[in-house]
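Line by line, the protein sequences are chains A and B.
Here the first sequence stands for residues 1 to 317, where the numbers follow my numbering.
Here the second sequence stands for residues 318 to 566, where the numbers follow my numbering.
The beta carbon of each residue, even a glycine, is placed where N, CA and C say it ideally should be.
Let me begin by presenting the structure, written as structure tokens, before commenting on it.
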Amino acid sequence: MAVLVIAEHDNSNLKSSTLNTITAAKKLSDDIHLIILGSNIEELANKSKVVHLLSKVITCDNEKLKNFLPELSAPLISNLAENYSHILAPASTFGKNLLPRVSALLDITQISDVIDIVSNDTFVRPIYAGNAISQVQTNQKINLLTIRPTSFEKSEDSGGDASIEEISFVDTDLKTIFINREVSKSDRPELGNAKIVVSGGRGLENSDNFKLLYELADKLNAAVGASRAAVDSGYIGNEYQVGQTGKMVAPELYIAVGISGAIQHLAGMKESKVIVAINKDLEAPIFNVADYGLSSDLFQAIPEIIKELDLLNQIES
Amino acid sequence: MKVLVAVKRVVDYKVQIRVKSDNSGVETQNVKMSVNPPDENAIEEAVKLKEQGLASETIAVSIGDEKSQDVLRTSMAMGVDRSILVKTQNTLEPLAVAKTLMKLIEKEKPDLVLMGKQAIDDDSNQTGQILSALLNWPQGCFISNLKIEGNKVSISREIDEGIENLETSLPAVLTCDLRLNTPRFASLPNIMKAKKKPLDIIDIDSLGIDTTPRIKTLKVIEPPKRKAGVMVSDVKELVKKLKYEAKVI
């Protein structure tokens with residue numbers, strides 16, 4: 001049977017989380033359909049039909065779908081559900097907001113935040129902020145899964161040749177009005193997707209000092225992240241938070257600066273390949289998960305690292 | 318406006334959890350239990366609405382065994398007026414939790430339902446969304462700001478890209494982010510007062526809903542441990558190791 005992937009996008013491009021979810025779908029079926037609900041998405045549909053592994057792209061193009069309100073999207077998905085053995089969405093705030101509504105409409109229990117697919121009915125997911133790993137099985141006729149993007153590679157966004165099918169929009173009595181999105185613009189790589197992440201915690205002391213991290217991040221072409229303590233203190237916006245209730249990241253290199261390493265923060269970054277911790281408190285729990293620890297004042301260490309990186313670049317060029 | 322708050326009893330967030338040796342689950346016996354942290358934000362918001370004269374009554378609801386009374390007492394010590402425990406020995410899936418809440422909502426007829434955005438034990442992040450769909454009420458998830466004027470509800474939602482602002486109307490289901498507010502500590506006099514506030518206990522079987530689990534837990538294991546790392550003496554050594562040993566820069 002075919003598997004349906006719900007696309008996360010911005011009406012012009014697919015988010016990389018969609019590509020990770022398509023790779024997860026490949027473990028379940030060779031017949032993978034992608035559904036794109038949005039506004040003015042003709043071009044997006046044409047870009048998406050060449051995504052590797054897809055056999056069909058289903059679109060629903062309507063002005064009302066522009067802002068992804070789940071009250072409108074969920075019925076469009078549940079109406080198609082009987083054609084599929086599995087319906088997958090990324091475990092991002094987009095997928096978390098939407099898929100449980102589909103679960104309600106279909107009367108099917110959803111399995112959240114899947115990190116591995118054992119078989120068509122058996123899935124692995126973290127619980128307790130990743131401090132335990134649960135293997136679960138279900139025999140429901142449709143499986144609803146949100147997929148943790150960092151646990152699956154991205155599928156290639158070219159080489160495919162899927163058909164496009166348009167479905168008609170069905171309106172829902174909606175009481176919610178979209179006002180706006182406050183999105184910070186940045187030229188740095190996307191946090192959930194970057195090869196290197198430089199993260200700051202309460203040790204940075206204020207938002208001004210985060211400039212030091214930005215400078216380091218730019219030297220490394222890294223994304224910037226933060227602990228909840230730093231976000232709560234107003235040093236940086238919520239979209240940068242890494243952790244149990246923030247973003248999950250798994251870069252090649254994670255540099256934790258002035259972060260003590262609460263369980264809730266570790267939950268979001270301990271799958272990183274290499275972890276560096278810089279903290280003047282030698283007792284900080286972050287050192288227990290770090291591959292390389294440096295016990296030092298970050299206000300000295302960061303400028304020094306920047307200097308060393310400059311030197312390395314000079315040698316190489 | 319009547320406000321209903323859903324509250325879950327979970328292993329305290331500071332506890333280092335242990336996986337049971339038979340891999341059937343996580344040890345919850347003789348472990349400190351507390352109110353699920355984002356549910357505390359929901360309680361705080363409900364109490365604030367009452368203090369601002371916007372809410373006429375606040376009710377806390379929990380689903381669980383006898384011991385879940387303690388999180389309801391905590392809710393009432395923080396200022397909630399009364400509470401209801403739906404008693405069950407079983408662990409309910411989010412879909413069953415939402416159906417249970419729906420039964421109580423049919424009876425209590427609140428105008429606003431608040432709860433945490435996720436429980437920190439099973440991290441499902443589903444119940445509010447499901448409840449909103451079952452009731453066909455507006456959904457506002459992961460909120461960090463709430464303003465109610467008459468029937469109008471303005472919310473800010475924390476999303477991966479930043480903040481999303483929405484306007485909707487009552488009745489509504491809202492799930493709370495940790496940044497919505499700072500939950501108060503219950504004072505000793507309020508803890509004493511809470512002991513006298515009404516706490517109704519009803520058996521889940523009396524509600525006539527199917528709460529049979531749809532998902533079977535095959536095993537729960539510990540996550541793979543990271544190998545112990547090394548301490549480097551200075552920045553020069555760190556950069557060298559990253560460049561030539563780990564080869565990540």
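Limits of the alpha helix (DSSP H) - the one that residue i falls within
i               : result
M509 of chain B : 505 to 511
S48 of chain A  : 42 to 48
I22 of chain A  : 16 to 26
I306 of chain A : 298 to 316
A250 of chain A : Element bounds for A250 of chain A: n/a, residue is neither H nor E.
R101 of chain A : 93 to 106
G268 of chain A : 263 to 269
V231 of chain A : 228 to 232
I447 of chain B : 444 to 452
D171 of chain A : Element bounds for D171 of chain A: n/a, residue is neither H nor E.
Residues bridged to residue i (per DSSP)
i               : result
K404 of chain B : B:G381, B:D520
N331 of chain A : Examination of residue 331 of chain A is not possible in this model, given that chain A is present from 1 through 317 alone.
A489 of chain B : B:L429
P126 of chain A : A:I133
M393 of chain B : Partner(s): none; M393 of chain B has no beta bridge.
E484 of chain B : A:I177, B:S471
E466 of chain B : B:K469
K319 of chain B : B:E374
M548 of chain B : A:G293
L4 of chain A   : A:H33, A:I87
A74 of chain A  : A74 of chain A pairs with nothing; no bridge assigned.
A223 of chain A : A:V197
Cross-chain neighbours of residue i in chain A, by beta carbon under 7 angstroms
i               : result
G546 of chain B : A290, D291, Y292, G293
E481 of chain B : R181
V336 of chain B : A132
R329 of chain B : With the sequence shown as reference, residue 329 of chain B is identified as Asp, and Arg is not the correct amino acid for it. The premise fails here: D329 of chain B is roughly 11 angstroms from chain A at the closest Cβ pair, so nothing lies under 7 angstroms.
CB of residue i within 8 angstroms of CB of residue j, strictly
i               : j               : result
K435 of chain B : N97 of chain A  : Per the sequence presented here, residue 435 of chain B reads as Gln, with Lys not at that position. Cβ atoms of Q435 of chain B and N97 of chain A: not closer than 8 angstroms.
K307 of chain A : S295 of chain A : no
V276 of chain A : D291 of chain A : yes
T59 of chain A  : A45 of chain A  : yes
I350 of chain B : R335 of chain B : Looking at the sequence shown, residue 350 of chain B is not Ile but Met. For M350 of chain B and R335 of chain B, no; Cβs fall outside 8 angstroms.
L412 of chain B : V430 of chain B : no
V414 of chain B : A377 of chain B : no
G200 of chain A : A222 of chain A : no
T21 of chain A  : A89 of chain A  : yes
I401 of chain B : D517 of chain B : yes
I360 of chain B : P500 of chain B : yes
T345 of chain B : V328 of chain B : yes
V537 of chain B : S78 of chain A  : no
P251 of chain A : I286 of chain A : no
A363 of chain B : V322 of chain B : yes
I236 of chain A : A229 of chain A : no
N498 of chain B : K365 of chain B : yes
G261 of chain A : V242 of chain A : no
E475 of chain B : N180 of chain A : no
I111 of chain A : T150 of chain A : no
I315 of chain A : V552 of chain B : no
T109 of chain A : E410 of chain B : yes
Per-residue contacts from residue i into chain B (C-beta, under 9 angstroms)
i               : result
T59 of chain A  : Correct list: empty, because the minimum Cβ distance to chain B is about 22 angstroms.
P70 of chain A  : Q446, S449, A450, Q456, C458
P126 of chain A : D440, P540
G200 of chain A : Ordered by position in chain B, no residue passes the 9 angstroms Cβ test against G200 of chain A, which lies about 17 angstroms from the chain.
F318 of chain A : Because chain A here runs from 1 to 317, residue 318 of chain A falls outside it and cannot be looked at.
For residue i, the first and last residue of its enclosing beta strand (DSSP E)
i               : result
T534 of chain B : 532 to 538
L54 of chain A  : 54 to 61
M350 of chain B : 350 to 352
G318 of chain A : Nothing about residue 318 of chain A can be read from this structure; chain A reaches only from 1 to 317.
E165 of chain A : 163 to 166
V327 of chain B : 326 to 328
V332 of chain B : Segment: none, V332 of chain B is in no beta strand (DSSP E) and carries neither H nor E.
Chain-ordered chain B contacts of residue i [CB-CB under 7 angstroms]
i               : result
N97 of chain A  : Q446, C458
K175 of chain A : P455, T485, S486
E304 of chain A : V552
Chain A residues whose Cβ lies nearer than 8 angstroms to that of residue i
i               : result
L535 of chain B : T122, Q135, V136, Q137
L491 of chain B : Simply none; closest approach about 12 angstroms.
D477 of chain B : S92, T93, F94, G192, E239, K247
Under 8 angstroms by beta carbon: chain B residues contacting residue i
i               : result
E63 of chain A  : Under the 8 angstroms cutoff, chain B gives no residues; its nearest Cβ is about 17 angstroms from E63 of chain A.
F210 of chain A : Those do not exist, as F210 of chain A stays about 16 angstroms from chain B at its closest Cβ, beyond 8 angstroms.
F299 of chain A : Under the 8 angstroms cutoff, chain B gives no residues; its nearest Cβ is about 12 angstroms from F299 of chain A.
- Within 9 angstroms of chain B by C-beta, residues of the segment 137 to 154 of chain A in sequence order: Contact annotation: in the segment 137 to 154 of chain A, residues whose CB is within less than 9 angstroms of a CB in chain B are Q137, T138, N139, Q140, T146.
- Message: Under 9 angstroms, CB to CB, which of the residues in the segment 280 to 292 of chain A have a partner in chain B?
- Response: Listed by position along the chain: L282, F287, N288, V289, A290, D291, Y292.
- Query: Listed from N- to C-terminal order along the chain, which residues in the segment 91 to 116 of chain A have their beta-carbon within a distance smaller than 9 angstroms of any beta-carbon of chain B?
  - Reply: Going along the segment 91 to 116 of chain A in chain order, one finds A91, S92, T93, F94, K96, N97, L98, L99, P100, R101, V102, S103, A104, L105, D107, I108, T109, Q110, I111, S112, D113 with a Cβ nearer than 9 angstroms to chain B.
- What residues in the segment 245 to 274 of chain A have a beta carbon less than 8 angstroms from any beta carbon of chain B? Taking 8 angstroms as the Cβ-Cβ cut-off against chain B, the residues of the segment 245 to 274 of chain A that qualify are T245, K247, E252, L253, I263, Q264, K270, K273, V274.
- Item | Interface residues of the segment 210 to 242 of chain A facing chain B [CB-CB below 8 angstroms] | For the segment 210 to 242 of chain A, the beta-carbon criterion of a distance under 8 angstroms to any beta-carbon of chain B is satisfied by L220, R228, V231, D232, G237, N238, E239.
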